[in-house]
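Novice: Residue numbers (the UniProt record's numbering): 1 to 97.
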């Protein structure tokens, strides 16, 4: 018979990786600057594109941050339930997860 158990350490590792991705994304979003001096025709479109890129990066970062928090929260809930089930099974003499 196999054992089913959650792995809080692995979930924490994945949540941390998501947060690191957010940090990288946020740093990348700050590198584009708008040219306020050039009056070429494409400058207005460039401003719009830079603004849109910044907003998209912000939305993606928010989604990744939420996913990371949710992953950690669910993993903690599973670990708590594993502990609870282990305690209950031990009380009735069954194998613990």
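Backbone N, C-alpha and C fix where the C-beta goes; we use that ideal spot for every residue, glycine too.
Being a predicted model, the structure only gives us computed values, none of them experimental.
1) Could you please give the first and the last residue of the uninterrupted alpha helix (DSSP H) stretch that includes residue 131?
2) Does the Cβ-Cβ distance between residue 8 and residue 76 come in under 9 Å?
3) So for residue 34, helix, strand or coil by DSSP?
4) Taking all protein chains shown into account, do 16 or more other C-beta atoms lie within 10 angstroms of the C-beta of residue 49, making it buried, or fewer, making it exposed?
Specialist: The relevant details are as follows:
1) Absent from the structure is residue 131, since the part of the chain shown begins at 1 and ends at 97.
2) yes
3) coil
4) Flag for residue 49 reads exposed.
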